[in-house]
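In what follows, a structure is listed as structure tokens, so that the remarks can point back to it.
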Amino acid sequence: MLFYTRSRFFRAWQHGLKVLFFCAVALVLLMYMQAQLRGQVAELQALNTSIRVPGQVTDGQGLRFDNLSISEQLTDLFWSAEGALSSYVHQLAIKASVPYARLAEQAVGLSPPALTALTTLASDGRLRHRDGLAVTFYPDYDEEVFFSDNALCLIHPAMKQYLEIAEDDTTWLELELLMHRLGEDKPESVKARLQVVGTALLEDENAVLAPYPWLRAFAGRQGYTISSDAISFVMRDNSQIEAFTKQFLPHFAEPHMAYVPSKHVPGGLYYRMSGIVVHDQAYQNAWSAIERSITLTRLSIAGTFAMVLLAGVLLCYISLRNRRQELAVLLTLGSSKASLMLHTVLDQGAWVVLGLITGILLSLSFQVSPRQRLMMVAYIALSFLAGITLTAWRFTRLPVILMMKDKA
Amino acid sequence: MPILLIEDLNYSYISKSQRTDAIRDANYVFESGQVYVIMGKSGSGKTTLLSLLAGLDKPLSGQISLDGEGLESMDISRYRRDKVAMIYQQFNLLPLLSVQENVMYPMVLSGVSKPEAQQRSVERLRELGLGEQFDRRLPHTLSGGEQQRVAIARALCMPARVILADEPTGSLDSENSKIIMGILKDLAHEKGYLVIIVTHDPAVAEHGDTCLRMDAGRFPVLTKTNHWNNQINS
Ligand SMILES: Nc1ncnc2c1ncn2[C@@H]1O[C@H](COP(=O)(O)OP(=O)(O)O)[C@@H](O)[C@H]1O
Ligand SMILES: [Mg+2]
Chain A
1 MLFYTRSRFF RAWQHGLKVL FFCAVALVLL MYMQAQLRGQ VAELQALNTS
51 IRVPGQVTDG QGLRFDNLSI SEQLTDLFWS AEGALSSYVH QLAIKASVPY
101 ARLAEQAVGL SPPALTALTT LASDGRLRHR DGLAVTFYPD YDEEVFFSDN
151 ALCLIHPAMK QYLEIAEDDT TWLELELLMH RLGEDKPESV KARLQVVGTA
201 LLEDENAVLA PYPWLRAFAG RQGYTISSDA ISFVMRDNSQ IEAFTKQFLP
251 HFAEPHMAYV PSKHVPGGLY YRMSGIVVHD QAYQNAWSAI ERSITLTRLS
301 IAGTFAMVLL AGVLLCYISL RNRRQELAVL LTLGSSKASL MLHTVLDQGA
351 WVVLGLITGI LLSLSFQVSP RQRLMMVAYI ALSFLAGITL TAWRFTRLPV
401 ILMMKDKA
Chain B
409 MPILLIEDLN YSYISKSQRT DAIRDANYVF ESGQVYVIMG KSGSGKTTLL
459 SLLAGLDKPL SGQISLDGEG LESMDISRYR RDKVAMIYQQ FNLLPLLSVQ
509 ENVMYPMVLS GVSKPEAQQR SVERLRELGL GEQFDRRLPH TLSGGEQQRV
559 AIARALCMPA RVILADEPTG SLDSENSKII MGILKDLAHE KGYLVIIVTH
609 DPAVAEHGDT CLRMDAGRFP VLTKTNHWNN QINS
């Protein structure tokens, strides 16, 4: 049988060339798109480190402007599944709104920014006041800055009357919270002690934010739902921009939770998805444009994969159908079906291999990782192998008597 | 010396929409050293019968046996390769192999060494009047008569002693028909082959020792001219 396969290889190369051509083109196409994708992903990564989010920075004597770059770890979390959220829970801050605003207004006489509890001070809350460090949220509204090892607290001096330093150095704020009981529309007023680690200015509404684990536990115990939102702020830094950046960056974004009406609790809400939202229009525009093209490229790769599979099977099928009588003659001369299968696999396989080699050579200059290169080669090889085996198996199942009667 | 026996043979082509009973209760004994000619209308089942004898499919019921051994108990590929040889109206040479390679192919398949296969193929080709100039040519460059002789040479290289020929002269002129028939007859009478020929051509039928008729799947059918041996039917 090998004898026949070899002869056919050299004498029917015109047919083989079709397979070679197809495999080479498919591989080059896939490599090209993969390289494209790689480029787009790299672009996205570059965007993460290069784009500057405008932040206003001051040292207390006047306004200064600086740009902060977005750290990669934030964007990694984009639209992570809810389950993944728990591992970031210690970084979350939750908005509980209005009551703090009322309190602050009484104390300060000005419309306050949101009080935000930015992180985990639950266990490690030794806040230290930094002299001379203040954040200006808007004209005439400054807040003092407290640092701990892993978080910061911003608070208006007039609000300090509500602050209390606990034995374990955790900072607490006594205030009323408005909270929604599950299934009810009207919020209820609840007295609470909030852990406080910082504040930031929310876009349009006053809110208080507390460490997520704490707030969740608090709300959960009493049957409340908590809603959260993204925060954004204009940061006015002081001379210690480095330290500030370090402290702020981990909190620059926070999880955004989308809600849909619960099917189980009338009027109730439940989490559907969560992720990190970075509030910067330029960044978001650039990001989503690249995201779109990545999605597009991914789709075309998937489409091409499917087409390669289909075309591979089709090509094998047509080739075998045209050779039906020839194959039947081989069978009548006493070739076994197994050796006939082997013949068809080798017969096409040789050209597939040549096609893949051609494709690899032609796409050498594309920027594709060796692993992906290998995967695509393997994919094409496998889809052809599957196509050949499947069609060969299908054909050799026919009784020879019927194959002989077909005139190709 | 081979004896090919068919007993209560039935075969049908079954598709989703219909069923064609191509062979109905055929019984016969073919003996070696003889040329059998089978005639019959188109569609009467002649090709089907030969194909079953060549082991190209299993009968629906009944039995075929060669020298007392049932076909169903043999390795079918080896039976096709070593026990019977088929010759067709369309010659059915492998188009990509040269004349010599075509003749060598079944030998190589059964494990004969290449040099030996080459030598045997040359001998057979020369015996059949195909000179050296044909060895390297591809089948489609040969005339019908030449192609048919290549097909016969291919059959003769194997140990098979049963030759099944389906309209072997159907594509040949009368000159070439005569040559081919002469070869087949010699094989039966001088070398002891069992030769079964299906034909439309009365001139070809003349060469047969026994002329049989097939009609709507029934085989053999008595006619006033036939002189078939009804050993097993009576
Ligand atoms: N592949 C097939 N599928 C269905 N019916 C077939 C097939 N081949 C042959 N037949 C039918 O079987 C009968 C016998 O066919 P065949 O043996 O080729 O006859 P012959 O060789 O005597 O002309 C015919 O009726 C024919 O139509
Ligand atoms: Mg016929």
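Chains A and B are the protein sequences, given in the same order.
First residue of the first sequence: 1, per our numbering; consecutive thereafter.
First residue of the second sequence: 409, per our numbering; consecutive thereafter.
Idealized CB from N, CA, C, for every residue including glycine.
Run down chain B in chain order and give the residues with a C-beta less than 8 Å from the C-beta of residue i.
i: Ile-401 of chain A; result: Thr-456, Ser-459, Leu-460, Leu-464 and Asp-465
i: Glu-291 of chain A; result: Correct list: empty, because the minimum Cβ distance to chain B is about 52 Å.
What does the alpha-carbon distance come out to for the pair residue i and residue j?
i: Ala-210 of chain A; j: Glu-143 of chain A; result: Note that Ala-210 of chain A has pLDDT 49, beneath the 50 cutoff, so the model's placement of it is unreliable and the number below is only indicative. So the alpha carbons of these two residues sit roughly 17 Å apart.
i: Arg-534 of chain B; j: Glu-540 of chain B; result: 8 Å
i: Val-29 of chain A; j: Met-375 of chain A; result: Residue identity differs from the one stated: residue 29 of chain A is Leu in this sequence, not Val. Between Leu-29 of chain A and Met-375 of chain A, the C-alpha separation is close to 14 Å.
i: Val-612 of chain B; j: Gly-312 of chain A; result: 49 Å
i: Met-404 of chain A; j: Val-329 of chain A; result: 7 Å
i: Gln-40 of chain A; j: Ile-357 of chain A; result: 27 Å
i: Gly-537 of chain B; j: Ile-587 of chain B; result: 10 Å
i: Val-570 of chain B; j: Ala-493 of chain B; result: 6 Å
i: Asp-543 of chain B; j: Met-482 of chain B; result: 34 Å
i: Pro-547 of chain B; j: Phe-9 of chain A; result: 18 Å
i: Glu-477 of chain B; j: Thr-549 of chain B; result: 41 Å
i: Ile-414 of chain B; j: Ser-423 of chain B; result: 25 Å
i: Leu-592 of chain B; j: Ser-459 of chain B; result: 19 Å
i: Ser-363 of chain A; j: Thr-391 of chain A; result: 30 Å
i: Ser-362 of chain B; j: Leu-468 of chain B; result: Since the displayed chain B opens at 409 and closes at 642, residue 362 of chain B lies outside it and no answer follows.
With a cut-off of 8 Å, does the C-beta of residue i fall near any C-beta of chain A?
i: Leu-572 of chain B; result: no
i: Tyr-601 of chain B; result: no
i: Leu-479 of chain B; result: no
i: Glu-524 of chain B; result: no
i: Ser-485 of chain B; result: yes
i: Glu-598 of chain B; result: no
i: Val-516 of chain B; result: yes
i: Leu-505 of chain B; result: yes
Chain A partners of residue i, CB-CB under 8 Å?
i: Met-494 of chain B; result: Thr-332
i: Tyr-513 of chain B; result: Phe-3, Tyr-4 and Leu-333
Using DSSP bridges, identify the partner residues of residue i.
i: Gly-478 of chain B; result: B:Ser-473
i: Ile-604 of chain B; result: B:Tyr-444 and B:Leu-572
i: Ser-420 of chain B; result: B:Asp-429
i: Phe-21 of chain A; result: For Phe-21 of chain A, which the question treats as bridged, DSSP gives no partner whatsoever.
i: Phe-438 of chain B; result: B:Leu-412
i: Val-492 of chain B; result: B:Val-570
i: Met-622 of chain B; result: B:Gly-448
i: Ile-155 of chain A; result: A:Glu-144
Does residue i get closer than 8 Å to chain B when you measure Cβ to Cβ?
i: Val-329 of chain A; result: yes
i: Phe-3 of chain A; result: yes
i: Ser-7 of chain A; result: yes
i: Glu-43 of chain A; result: no
i: Met-31 of chain A; result: no
i: Ala-378 of chain A; result: no
i: Met-404 of chain A; result: yes
i: Arg-11 of chain A; result: yes
Is the closest heavy atom of ligand 1 to the C-beta of residue i under 7 Å?
i: Tyr-513 of chain B; result: no
i: Tyr-444 of chain B; result: no
i: Thr-332 of chain A; result: no
i: Gly-578 of chain B; result: no
i: Ser-450 of chain B; result: yes
i: Thr-428 of chain B; result: yes
i: Leu-402 of chain A; result: yes
i: Leu-405 of chain A; result: Per the sequence presented here, residue 405 of chain A reads as Lys, with Leu not at that position. Yes - ligand 1 has a heavy atom lying nearer than 7 Å to the Cβ of Lys-405 of chain A.
i: Tyr-421 of chain B; result: yes
Please compile the residues from chain A whose C-beta is within a distance smaller than 7 Å of the C-beta of residue i.
i: Gln-500 of chain B; result: Residue identity check: residue 500 of chain B is Asn in the sequence provided, not Gln. The contacting residues are Val-329.
i: Arg-646 of chain B; result: This structure does not reach residue 646 of chain B, given that chain B is present from 409 up to 642, and the question cannot be answered.
i: Glu-509 of chain B; result: Ser-7
Compute every distance between the C-beta of residue i and the non-hydrogen atoms of ligand 4, then say whether any falls below 7 Å.
i: Lys-599 of chain B; result: The model depicted lacks ligand 4 and carries ligand 1 and ligand 2 instead.
Which bits of chain B does residue i rub up against, with CB to CB less than 7 Å?
i: Arg-298 of chain A; result: Here the premise fails: no neighbours, minimum Cβ distance about 43 Å.
Measuring only from the beta carbon, is residue i closer than 7 Å to any heavy atom that is part of ligand 2?
i: Asp-574 of chain B; result: yes
i: Lys-454 of chain B; result: yes
Are any of the Cβ atoms in chain C nearer than 8 Å to that of residue i?
i: Leu-580 of chain B; result: Looking at the structure shown, chain C is missing, and the protein chains on hand are A and B.
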